[in-house]
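A.B. asks: Chains as they are written, first to last, in our numbering: chain U, 421 to 545; chain Y, 421 to 545.
A virtual CB, placed ideally from N, CA and C, is assigned to each residue, including glycine.
Protein chains: 2
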Amino acid sequence: MSAPTRPTDAELAILRVLWERGPSTVRQVFEVLSVEKALGYTTVLKMLQIMDEKGLVQRDASDRVHIFATSQTQTQRHMLDDLLDKAFGGSSLNLVMQALATRRASREDLAAIRKMLDQAEGRKP
Amino acid sequence: MSAPTRPTDAELAILRVLWERGPSTVRQVFEVLSVEKALGYTTVLKMLQIMDEKGLVQRDASDRVHIFATSQTQTQRHMLDDLLDKAFGGSSLNLVMQALATRRASREDLAAIRKMLDQAEGRKP
DNA sequence: GATGGGTTACGAAGATTTTCGTTGACCCGT
DNA sequence: ACGGGTCAACGAAAATCTTCGTAACCCATC
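Next up, the structure:
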């Protein structure tokens, strides 16, 4: 299992649509993307073909109109791992600290994180 | 202030060296990188020139042998912001949860994070 | 079974990133 | 002043990513 290459910007734009809409046809992805940016139908198709080869999406070709899908958490995990290795020396502490310092987290968010820490440490609430 | 373009893989490799070594000459960066990968001296030089133009590194050209440097936290913050927007819908909670779930954090790490949560919530220890 | 509207496949052009060979400048010891 | 070594600048080739025109295909309807 080779390291899945990190998505390029164009690929990411497509992934975002699939995350938002769920499994979609080329046309559906195209409709969404073409609102923000002028681009051809076959461009989207080609990207999805390549992303399929790279393993970034799964293709269901059982019908004539193919359906493309992807797992958000799986992709997130890849990108997070990648960033962790490449920019944070593998230290998730470092990354988490910066993430919390940079973006203001809501009180609920902080509580949720605290809860998770409790679980991770095997505490009783 | 234009949006600083996200570093490519080759650029990231160079940034990592600068983070690790601190301000360095082209040759020093080259020495480190050439251990893992065959590449020419002028390749590294060219990359650093481009990265300088992009504002990814600062160049001190006061001596004949130029010195390149960069700020780790600044770059990390950019990349984190970028990832947050592009893959996590801006939710740092989501990102933090996944980061902690994916990579096993040490007990000290968890404690450090907890401490930080305390501060963020303005609690007394 | 021919036509039309929609589909995927293919290939190649255009844009960007990565690589490095060559050149001329500079420094230092002779 | 000369020669050998190191340096940054430049330009262009190679590799990769992005875009789309064209063709081939399928299926419904006529």
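Would you list the residues sitting across from ARG479/U in a DSSP beta bridge?
C.D. replies: Against the first sequence, residue 479/U aligns to sequence position 59. Paired residue(s): PHE488/U.
A.B. asks: Do LYS474/U and THR425/U have their CB atoms nearer than 8 Å?
C.D. replies: What you label residue 474/U is simply residue 54 of the first sequence in a count that begins at 1. What you label residue 425/U is simply residue 5 of the first sequence in a count that begins at 1. Against a cut-off of 8 Å, the Cβ pair of THR425/U and LYS474/U comes out as a contact.
A.B. asks: Considering only the alpha carbon of each residue, which of ALA525/Y, MET536/Y and LEU435/Y lies closest to VAL477/Y?
C.D. replies: If you number the second sequence from 1, residue 477/Y lands on position 57. Nearest option by C-alpha distance: LEU435/Y.
A.B. asks: Decide if the stretch 443-456 of chain U is in contact with the stretch 521-541 of chain U; the criterion is three or more beta carbon pairs, one per stretch, under 8 Å apart.
C.D. replies: no
A.B. asks: Helix, strand or coil for SER511/U, going by three-state DSSP, please let me know.
C.D. replies: As a position in the first sequence, residue 511/U is number 91, starting the count at 1. SER511/U falls in the coil class under three-state DSSP.
A.B. asks: Measure how close the beta-carbons of GLN539/Y and GLN496/U come, nearest whole angstrom, since I'm counting them as under 8 Å.
C.D. replies: To locate residue 539/Y, count along the second sequence from 1; it is residue 119. To locate residue 496/U, count along the first sequence from 1; it is residue 76. No, GLN539/Y and GLN496/U are not in contact; Cβ-Cβ is about 27 Å, not under 8 Å.
A.B. asks: Determine the contact status of SER512/Y and LEU504/Y, defining contact as a CB-CB distance below 8 Å.
C.D. replies: Along the second sequence, read from residue 1 onward, the residue named residue 512/Y stands at position 92. Along the second sequence, read from residue 1 onward, the residue named residue 504/Y stands at position 84. In this structure, LEU504/Y lies closer than 8 Å to SER512/Y by Cβ.
A.B. asks: Under the DSSP definition of a beta bridge, which residues are partnered with SER444/U?
C.D. replies: Your numbering for residue 444/U matches position 24 in the first sequence. In the DSSP output, where bridge partners are listed per residue, SER444/U has PHE488/U.
A.B. asks: Which residues mark the beginning and the end of the alpha helix (DSSP H) in which GLU473/Y is found?
C.D. replies: Counted from its first residue, the second sequence places residue 473/Y at position 53. Where GLU473/Y is concerned, the enclosing alpha helix (DSSP H) stretches over 461-474.
A.B. asks: Is SER444/U buried or exposed, if buried means 16 or more other CB atoms sit within 10 Å of its CB?
C.D. replies: Locating residue 444/U in the first sequence gives position 24, counting from the first residue. Looking at its Cβ environment, which holds 16 or more other Cβ atoms inside 10 Å, SER444/U is buried.
A.B. asks: Going by DSSP in three states, THR428/Y sits in which element: helix, strand or coil?
C.D. replies: Residue numbering aside, residue 428/Y sits at position 8 when the second sequence is read from its first letter. Correct three-state label for THR428/Y: coil.
A.B. asks: Within 10 angstroms of the Cβ of ALA481/Y, are there 16 or more other Cβ atoms? Answer buried if so, exposed if not.
C.D. replies: Your numbering for residue 481/Y matches position 61 in the second sequence. The residue in question, ALA481/Y, is exposed, as its Cβ has fewer than 16 Cβ neighbours within 10 Å.
A.B. asks: Could you tell me whether the Cβ of MET467/Y comes closer than 8 Å to any Cβ of chain U?
C.D. replies: Mapped onto the second sequence, residue 467/Y falls at position 47. Answer no: the Cβ-Cβ gap between MET467/Y and chain U never drops below 8 Å.
A.B. asks: How is the alpha helix (DSSP H) around ARG527/U delimited, first residue to last?
C.D. replies: As a first step, residue 527/U is located in the first sequence; it is residue number 107 there, counting from the start. Element bounds for ARG527/U: 527-540.
A.B. asks: Nearest to PHE488/U by CA position, among LYS506/U, VAL516/U, ILE533/U and ARG447/U, is which residue?
C.D. replies: For the purposes of this step, residue 488/U is taken as residue 68 along the first sequence, with counting starting at 1. The residue with the shortest Cα to Cα distance from PHE488/U is ARG447/U.
A.B. asks: Measuring only between beta-carbons, confirm whether GLY480/U sits less than 8 Å from chain Y.
C.D. replies: Sequence index remark: in the first sequence, residue 480/U carries index 60 (1-based). Residue identity check: residue 480/U is Asp in the sequence provided, not Gly. It does not; no Cβ of chain Y falls within 8 Å.
A.B. asks: Grab me the residues of LEU465/Y's own chain with a C-beta within less than 6 Å of its C-beta, minus the 5 sequence neighbours each way, in chain order.
C.D. replies: In the second sequence, residue 465/Y corresponds to position 45, counting from 1. For LEU465/Y, where only same-chain residues beyond five positions count, the Cβ hits under 6 Å are VAL446.
A.B. asks: What is the DSSP secondary structure of ARG497/Y, reduced to helix, strand or coil?
C.D. replies: The residue labelled residue 497/Y in the question sits at position 77 within the second sequence. It is helical.
A.B. asks: Using a Cβ-Cβ cutoff of less than 8 Å, which residues in the same chain neighbour MET467/Y once the five nearest sequence positions on both sides are dropped?
C.D. replies: The sequence position of residue 467/Y within the second sequence is 47, counting from 1. Answer for MET467/Y: ALA430, GLU431 and ILE434, listed in chain order.
A.B. asks: Can you look up LYS506/U in the DSSP assignment and give me helix, strand or coil?
C.D. replies: Start at 1 with the first residue of the first sequence, and residue 506/U comes out as number 86. The answer is helix: DSSP assigns LYS506/U an H, G or I state.
A.B. asks: Suppose the cutoff is 8 Å on Cβ atoms and the five residues either side in sequence are ignored; what does the same chain contact list for GLY442/U look like?
C.D. replies: The residue you call residue 442/U lines up with position 22 of the first sequence. ALA489.
A.B. asks: Within 10 Å of its beta-carbon, does VAL485/U have 16 or more other beta-carbons around it, so buried, or fewer, so exposed?
C.D. replies: Numbered from its first residue, the first sequence carries residue 485/U at position 65. With fewer than 16 other Cβ atoms within 10 Å, it is exposed.
A.B. asks: Taking ILE533/Y as the reference, which of VAL516/U, LYS535/U and THR493/U has the closest Cα?
C.D. replies: As a working mapping, residue 533/Y is identified with position 113 in the second sequence. The shortest CA-to-CA distance from ILE533/Y to any of VAL516/U, LYS535/U and THR493/U is the one to VAL516/U.
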